[in-house]
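Colleague:
Protein chains in written order, with full-length UniProt numbering: chain A, 1 to 324; chain B, 1 to 328.
1) Could you list which residues in chain A have their beta carbon closer than 9 Å to that of residue 157 of chain B, in chain order?
2) Taking the alpha-carbon of residue 243 of chain A as reference, which of A/197, A/297, A/226 has the nearest alpha-carbon?
3) Need the endpoints of the alpha helix (DSSP H) that residue 31 of chain B sits in, please.
4) For residue 71 of chain B, which of helix, strand or coil comes out of DSSP?
5) Report yes or no: is there a C-beta of chain B within less than 8 Å of the C-beta of residue 63 of chain A?
6) Kindly indicate if chain B contains any beta-carbon less than 8 Å away from that of residue 82 of chain A.
7) Alpha carbon to alpha carbon, how far is residue 150 of chain A from residue 237 of chain A?
8) Is the CB-CB distance between residue 91 of chain B and residue 126 of chain B below 8 Å?
9) Between the C-alpha atoms of residue 53 of chain A and residue 327 of chain B, what's the straight-line distance to the nearest angstrom?
10) Could you name the residues that DSSP lists as bridge partners for residue 16 of chain A?
11) Please return the same chain residues whose Cβ sits closer than 6 Å to the Cβ of residue 236 of chain B, not counting the five positions on each side in sequence.
12) According to DSSP, is residue 42 of chain A part of a helix, a strand, or is it coil?
13) Tell me the DSSP bridge mates of residue 25 of chain A?
14) Tell me the rounded alpha-carbon separation between residue 305 of chain B and residue 273 of chain B.
15) Cβ closer than 8 Å: which chain A residues qualify as neighbours of residue 10 of chain B?
16) Could you work out which residue in A/269, A/291, A/63 is closest to residue 323 of chain B when comparing CA atoms only?
17) Could you please tell me which residues of the segment 101–133 of chain B, in chain order, have their CB closer than 8 Å to any CB of chain A?
18) Across which residues does DSSP place residue 11 of chain A in a beta bridge pair?
19) Quick one: is residue 1 of chain B buried, meaning 16 or more other Cβ sit within 10 Å of its Cβ, or exposed?
20) Near residue 203 of chain A, which residues of its chain fall below 7 Å by C-beta distance, leaving aside the five closest residues on each side in sequence?
21) Indicate whether residue 161 of chain B and residue 228 of chain B have their beta-carbon atoms separated by less than 8 Å.
22) Strictly by DSSP, which residues pair up with residue 234 of chain A?
23) Residue 210 of chain B bridges to which residues according to DSSP?
24) Is any beta-carbon of chain A found at less than 8 Å from that of residue 325 of chain B?
25) Identify whether residue 282 of chain A lies in helix, strand or coil by the three-state DSSP scheme.
26) Pull out every residue of the segment 132–156 of chain B whose Cβ sits closer than 7 Å to any Cβ of chain A, in chain order.
27) What did DSSP end up calling residue 194 of chain A once you bin it into helix, strand or coil?
28) Let's test the definition: count the other Cβ atoms within 10 Å of the Cβ of residue 65 of chain B and tell me whether it reaches 16, buried, or not, exposed.
29) State yes or no: is the C-beta of residue 156 of chain B within less than 8 Å of the C-beta of residue 295 of chain B?
30) So, are the CB atoms of residue 246 of chain B and residue 132 of chain B less than 8 Å apart?
31) Give the DSSP-derived three-state secondary structure of residue 259 of chain A in the structure shown.
32) So, is the C-beta of residue 153 of chain A closer than 8 Å to a C-beta in chain B?
33) Do residue 239 of chain A and residue 283 of chain A have their CB atoms nearer than 8 Å?
34) Leaving out the 5 sequence neighbours to the left and right, which residues in its chain are closer than 7 Å to residue 39 of chain A when beta-carbon positions are compared?
35) Counting only beta-carbon separations shorter than 8 Å, does residue 93 of chain A have a partner in chain B?
36) Assuming residue 177 of chain B and residue 107 of chain B are in contact, meaning their beta carbons sit under 8 Å apart, how far apart are those beta carbons, in whole angstroms?
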């Protein structure tokens, strides 16, 4: 049952040429994008790129110097009391009142919105699996529980748009997995989700479309897969005889080996793969290559497809900009 | 539209759950018995020395006359003592004991003495971090991203603050009455008090002096204490909006209140100091007819000065809160 009735292509959030100057410094130069109904939209950028400032403008914590932000057609900065009805959000950490219980917190925020019945509070409590601890003081909650309480709070008003700022921060791998499934479930019900992150891998796993922000400007918007393809993907080989494997790969014109200091893979990741050889190649040919190595008597210990880091993607994107 | 009433409910609940009011009651419960005990000692002492209250008053008059005659007492102090003598004489002439030790006079005296420091401090316990704590804990991001106009949120906080201030004063009076009653008895509501002493140059004008009951006097006092407490609350409210940290706003306000008490004691010849809010807090002194700390101050003057300070503070608080970006 679609809980959030909206045609799939309706624009829920529209950000139009937004600029923000803080004490003379342009923090946001030009940000424009649309988020449609039922999509998970990623907002990707390194720390200090203007991500947080943009999110705060989306929920009227900061007024833009210029430009317009519309949620379901209502101007967020002019009529926040109408526009924010359609929005649930967690900006940075989910800060709740520690001296209240989880339930009292939800009641507190329910009183700030029109027509939220008692049953809805029970419902969101169940959705985030907090039923057992909901009557305990929030100061006794773990970070994960606070996160879930934050999400419960954001869901209270059945928002059309849910804004989550770096939602996986501080979650363990199991929690991250659950969150991903949860986000997908909400999107399937027709809700739009806006998720910020500085990790490409995370956005890749969660989002349908992405906007990339750097130095206060959106430098690319589009489906996640397309953008990642643009940046290229590395193939990392590990052999029992690394020297022989390397020379065989080097011999082929379709393979370009990447020298140790030139690739842009996470250092921590490569350190776990001793003797790894990084190559740029058509990844459809990997099975053929494995046969060839086997024929030559070189044992393939492992092959990894590794997505480039966010920095790599930026490099590609900004290169494209200067060429085009 | 989230209605204002539920917002006020939220804010009232937050202060309550932070146990601020409980702390105030606790402080009162500890301090009042101490004062009651001190008062009890004084009365016992007087009763042992003098068989009749008239001799006590006569003794006080003589003491003050001696002080006035002394060369080493500054002129400002003499003026104060002279008016005190005149008042005591007035009571003596009409055969009314100004210091009958009972729960009602004790309560009245307690409020008089707490109006400049103690009550403001209790108000600060609630007002000083009303907004800054939301900022410090980050809950302001949740609060301001709900579909409610910012001025409504601030108004609900102001109303909750007013409720608590209006609760603190009767609570202080009630506790003091109940505890003092244990020692002095619960009588005294109907005893006469003279009000309307007016300071005119060096003399006290008694033409408009009339007697009211102790109960009515206490009620008038509570009204004045409330007014001065609300002014402190309004200024503290503004400071809480302007400053990020709860500790910083508490210290700022405490410094302001305490410096007012010090300034008032300096019997200052710096006459423009009378426009500072903190030297005007002692409104109950006008009821008793104590000469004001600075020439030219009167009950009306002080009320206006406090009202202006309060209004300016609230205007600033609203202007800043509704416009400012939340950056951290």
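All C-beta atoms in this analysis are idealised placements derived from N, C-alpha and C, irrespective of residue type, glycine included.
Modeller: The answer reads as follows:
1) Taking the first residue of the second chain as 1, we reach residue 157 of chain B at position 157. Within 9 Å Cβ-Cβ: nothing; residue 157 of chain B doesn't reach chain A, min ~13 Å.
2) In the first chain, the residue the question calls residue 243 of chain A occupies position 243. That would be A/297, whose Cα lies nearest to the Cα of residue 243 of chain A.
3) If you number the second chain from 1, residue 31 of chain B lands on position 31. Counting along the chain, the unbroken alpha helix (DSSP H) around residue 31 of chain B starts and ends at 20–49.
4) Indexing the second chain from 1 puts residue 71 of chain B at position 71. The answer is coil: DSSP assigns residue 71 of chain B none of H, G, I, E or B.
5) The residue given as residue 63 of chain A occupies position 63 in the first chain. Taking Cβ atoms only, chain B reaches closer than 8 Å to residue 63 of chain A, which makes this a yes.
6) Your numbering for residue 82 of chain A matches position 82 in the first chain. With its beta carbon less than 8 Å from one in chain B, residue 82 of chain A belongs to the interface.
7) The residue labelled residue 150 of chain A in the question sits at position 150 within the first chain. The residue labelled residue 237 of chain A in the question sits at position 237 within the first chain. So the two alpha carbons sit approximately 43 Å from each other.
8) Reading the second chain from its first residue, position 91 is the one you call residue 91 of chain B. Reading the second chain from its first residue, position 126 is the one you call residue 126 of chain B. Not a contact, by the Cβ cut-off of 8 Å.
9) By one-based count along the first chain, residue 53 of chain A stands at place 53. By one-based count along the second chain, residue 327 of chain B stands at place 327. Approximately 8 Å between the Cα atoms of the pair.
10) By 1-based counting over the first chain, the position of residue 16 of chain A is 16. A/68.
11) Working through the second chain from its first residue, we reach residue 236 of chain B at position 236. Closer than 6 Å at the Cβ level, and outside the excluded window around residue 236 of chain B, lie 124, 127, 128, 253.
12) Your numbering for residue 42 of chain A matches position 42 in the first chain. Three-state DSSP puts residue 42 of chain A in a strand.
13) The residue given as residue 25 of chain A occupies position 25 in the first chain. Residue 25 of chain A pairs with A/22.
14) As a working mapping, residue 305 of chain B is identified with position 305 in the second chain. As a working mapping, residue 273 of chain B is identified with position 273 in the second chain. Rounded to whole angstroms, residue 305 of chain B to residue 273 of chain B spans 11 Å at the Cα level.
15) Residue 10 of chain B sits at position 10 when you count from the first residue of the second chain. What residue 10 of chain B touches in chain A, judged by beta-carbon distance under 8 Å, is 108, 111, 112, going in chain order.
16) Counting from 1 along the second chain, the entry for residue 323 of chain B is found at position 323. Taking each of A/269, A/291, A/63 in turn and checking the Cα distance to residue 323 of chain B, the smallest one comes out for A/63.
17) Residues passing the 8 Å Cβ filter: none.
18) Taking the first chain and counting its residues from 1, the one referred to as residue 11 of chain A is at position 11. Residue 11 of chain A is bridged by DSSP to A/36.
19) Taking the second chain and counting its residues from 1, one reaches residue 1 of chain B at position 1. Model confidence at residue 1 of chain B stands at a pLDDT of 47, short of 50, so the residue's coordinates are unreliable and nothing is read from them.
20) Numbered from its first residue, the first chain carries residue 203 of chain A at position 203. Result list for residue 203 of chain A: 42, 44, 197, 210, 224, in chain order.
21) For this step, residue 161 of chain B is matched to residue 161 along the second chain. For this step, residue 228 of chain B is matched to residue 228 along the second chain. One thing to note: residue 161 of chain B has its Cβ no nearer than 8 Å to the Cβ of residue 228 of chain B.
22) Within the first chain, the letter at position 234 stands for residue 234 of chain A. In DSSP, residue 234 of chain A forms a bridge with A/306.
23) The count along the second chain starts at 1 and reaches residue 210 of chain B at position 210. DSSP output for residue 210 of chain B lists B/195 as bridge partner(s).
24) For the purposes of this step, residue 325 of chain B is taken as the residue at position 325 of the second chain. Yes - at least one Cβ of chain A is within 8 Å of the one on residue 325 of chain B.
25) In the first chain, residue 282 of chain A corresponds to position 282, counting from 1. Coil at residue 282 of chain A, not helix or strand.
26) Near chain A, meaning a CB-to-CB distance below 7 Å, the residues of the segment 132–156 of chain B are 137, 138, 139, 141, 142, 144, 145, 146, 147, 148, 149.
27) Locating residue 194 of chain A in the first chain gives position 194, counting from the first residue. Residue 194 of chain A falls in the strand class under three-state DSSP.
28) Along the second chain, one-based indexing puts residue 65 of chain B at 65. Exposed is the call here.
29) Walking along the second chain from the start, residue 156 of chain B turns up at place 156. Walking along the second chain from the start, residue 295 of chain B turns up at place 295. Contact: no.
30) By 1-based counting over the second chain, the position of residue 246 of chain B is 246. By 1-based counting over the second chain, the position of residue 132 of chain B is 132. Yes.
31) Residue mapping note: residue 259 of chain A aligns to position 259 of the first chain, counting from 1. Note: residue 259 of chain A maps to coil in three-state DSSP.
32) Along the first chain, one-based indexing puts residue 153 of chain A at 153. Closer than 8 Å to some Cβ of chain B, the Cβ of residue 153 of chain A qualifies, so yes.
33) Walking along the first chain from the start, residue 239 of chain A turns up at place 239. Walking along the first chain from the start, residue 283 of chain A turns up at place 283. Result no, Cβ atoms of residue 239 of chain A and residue 283 of chain A do not sit closer than 8 Å.
34) Taking the first chain and counting its residues from 1, the one referred to as residue 39 of chain A is at position 39. Take residue 39 of chain A, set aside five residues on each side of it, and the residues of its chain with a beta-carbon closer than 7 Å to its own are 187, 192, 208, 209, in chain order.
35) As a working mapping, residue 93 of chain A is identified with position 93 in the first chain. With respect to chain B, the C-beta atom of residue 93 of chain A has a partner C-beta closer than 8 Å.
36) As a working note, residue 177 of chain B is residue 177 in the second chain. As a working note, residue 107 of chain B is residue 107 in the second chain. Their Cβ separation, rounded to whole angstroms, is 5 Å, which keeps residue 177 of chain B and residue 107 of chain B in contact under 8 Å.
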